[in-house]
Amino acid sequence: MAQGKQGIRPKQAGKSAARQPSLSQLRAFAAVAEHLHFRDAAAAIGMSQPALSGAVSTLEEALGVQLIERTTRKVLLSPAGERLAVRTGVVLEAVAALMEEAEAARAPFTGVLRLGVIPTVAPYLLPTVLRLVHDRYPDLDLQVHEEQTSSLLEGLAAGRLDLLLLAVPLGVPGVSELPLFDEDFVLVMEQDHWLGGRADIPREALRELPLLLLDEGHCLRDQALDICREAGRTEGAPVTTTAAGLSTLVQLVAGGLGVTLLPRTAVTVETGRNDALATGYFAHPAPTRRVALAMRAGSARGGEFEEFAAALREAMEPLPVRVVDAPQPVVDAP
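And the structure:
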């Protein structure tokens, strides 16, 4: 049976409307549904009354249902109109959110920035990063994810993360590196160790020391092993791997189980609270690691991330590191 409004027939089940409704038609209907008065609805959205009435009629034709019951005295929503008014509001709210998100995307340092950080960097550099964001980029919604390097790279490739703060080089195709600084490694040992307090420790001293390292999966473990190999340490020299984090590693050193290597930025935090520990520094050139930001090559926010890297270099100058000059992004060939 045809519906009350002449000329409009219900659509057959399973068939879509012949025409998609426009946003202006949806806004017109939403205004009428709210005000139940054509003149008031037209005034609310800045549209003439004839144009608003025509937009609602066209929407009814596109959807194949009667939305409004028109009488000489008032305007009422049909049962279908009541149901679709709710859905129309949801659609218009989603469009408004889309426009707001697009506006934020056009403005640098606004919206969400999902930053991935490795565990051997996060506790020591995040205070500087967070202070910079708070002071210089107050509209940036920074979300921090602490994970190991392999997981961070997977998240970057999948789009789960936007930017990484980690040790390089990575050697990963399609990833651009924005170097920030180089930092030395420091030897940490018991207070009465014969190397404690020295500033000229030769790398060769690592050949026979009982070395404590992080668990598999931490890039710092691999870097420490590379340093040991460069120093001539043999494969059979004792290496104890029992710690999942630097804090635990340092406590094992304090307990007399061996020595370990810490990046310079971690030394004050990890050794300053334990009088049973001593530090020693290597002779020049000391073993080092480089820390950088990493992003997807060709990222739409590449310019923003380069500016962020420059601001981080400036903010990190007071730290015990050697800030590198701003280079062009290093991109591995795909």
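Taking this note's numbering, the leading residue of the sequence shown gets 837, the next gets one more, and so forth. Note that the Cβ used here is the ideal one computed from N, Cα and C, for glycine as well.
What span of residues does the beta strand (DSSP E) with Ala1130 cover, start to end? Within the sequence shown, residue 1130 is the residue found at index 294, counting from 1. Run containing Ala1130: 1124–1132, per the beta strand (DSSP E) assignment.
Per-residue DSSP class, three states only, for Arg906: Position 70 of the sequence shown, counted from the first residue, corresponds to residue 906. Of the three classes helix, strand and coil, the one that applies to Arg906 here is strand, per DSSP.
Boundaries (first-last residue) of the beta strand (DSSP E) holding Thr1115: Walking along the sequence shown from the start, residue 1115 turns up at place 279. Per DSSP, Thr1115 belongs to the beta strand (DSSP E) from 1113–1117.
Tell whether a beta-carbon distance below 7 Å holds between Leu895 and Pro857. Position 59 of the sequence shown holds residue 895. Position 21 of the sequence shown holds residue 857. Taking 7 Å as the Cβ cut-off, Leu895 and Pro857 qualify as a contacting pair.
Can you grab the Cα-Cα spacing for the pair Leu989 / Arg996, in whole Å? Your numbering for residue 989 matches position 153 in the sequence shown. Your numbering for residue 996 matches position 160 in the sequence shown. The alpha-carbon atoms of Leu989 and Arg996 are separated by roughly 10 Å.
Helix, strand or coil for Asp1018? Go by DSSP, reduced to three states. Start at 1 with the first residue of the sequence shown, and residue 1018 comes out as number 182. Strand at Asp1018.
Identify, in the order they occur along the chain, each residue of the same chain with its Cβ nearer than 7 Å to the Cβ of Ala891, setting aside the five sequence neighbours on each side. The sequence position of residue 891 within the sequence shown is 55, counting from 1. For Ala891, where only same-chain residues beyond five positions count, the Cβ hits under 7 Å are Ser860, Gln861, Ala864.
For Asp1161 and Tyr1117, what's the separation of their Cα atoms in angstroms? In the sequence shown, counting from the first residue as 1, residue 1161 sits at position 325. In the sequence shown, counting from the first residue as 1, residue 1117 sits at position 281. In a straight line, the C-alpha of Asp1161 is about 25 Å away from that of Tyr1117.
Tell me the DSSP bridge mates of Gly947? Position 111 of the sequence shown, counted from the first residue, corresponds to residue 947. Per DSSP, Leu976.
For the structure I just gave you, are there three or more beta carbon pairs, one from the stretch 1002–1017 and one from the stretch 937–957, closer than 8 Å? yes
For Ala853, is the classification buried or exposed, using 16 other Cβ atoms within 10 angstroms of its Cβ as the cut-off for buried? Counting from one through the sequence shown, the residue named residue 853 turns up at place 17. Note that Ala853 scores 43 on pLDDT, short of 50, meaning its location in the model is unreliable and no value can be drawn from it.
Can Val901 and Ala877 be called in contact, C-beta distance under 7 Å? Working through the sequence shown from its first residue, we reach residue 901 at position 65. Working through the sequence shown from its first residue, we reach residue 877 at position 41. Taking 7 Å as the Cβ cut-off, Val901 and Ala877 do not qualify as a contacting pair.
If Glu983 sits next to Ala1130, beta carbons under 8 Å apart, how far is it from one beta carbon to the other, in whole angstroms? Here residue 983 corresponds to residue number 147 of the sequence shown, with the count starting at 1. Here residue 1130 corresponds to residue number 294 of the sequence shown, with the count starting at 1. Incorrect: roughly 13 Å between the Cβ atoms, too far for contact.
Does the Cβ of Thr907 have 16 or more other Cβ atoms within 10 Å, making it buried, or fewer, making it exposed? As a working note, residue 907 is residue 71 in the sequence shown. Label assigned to Thr907: exposed.
For His1029, does the count of other Cβ atoms within 10 angstroms reach 16, so buried, or fall short, so exposed? Here the question's residue 1029 lines up with position 193 in the sequence shown. With 16 or more other Cβ atoms within 10 Å, it is buried.
Please name the residue in Asn1110, Pro1123, Ala1035 whose C-alpha comes closest to that of Leu1098. Here residue 1098 corresponds to residue number 262 of the sequence shown, with the count starting at 1. Selected option, being the one with the closest Cα: Pro1123.
Length-filtered (4 minimum) alpha helix (DSSP H) runs lying within the stretch 870–900: 874–881, 885–899
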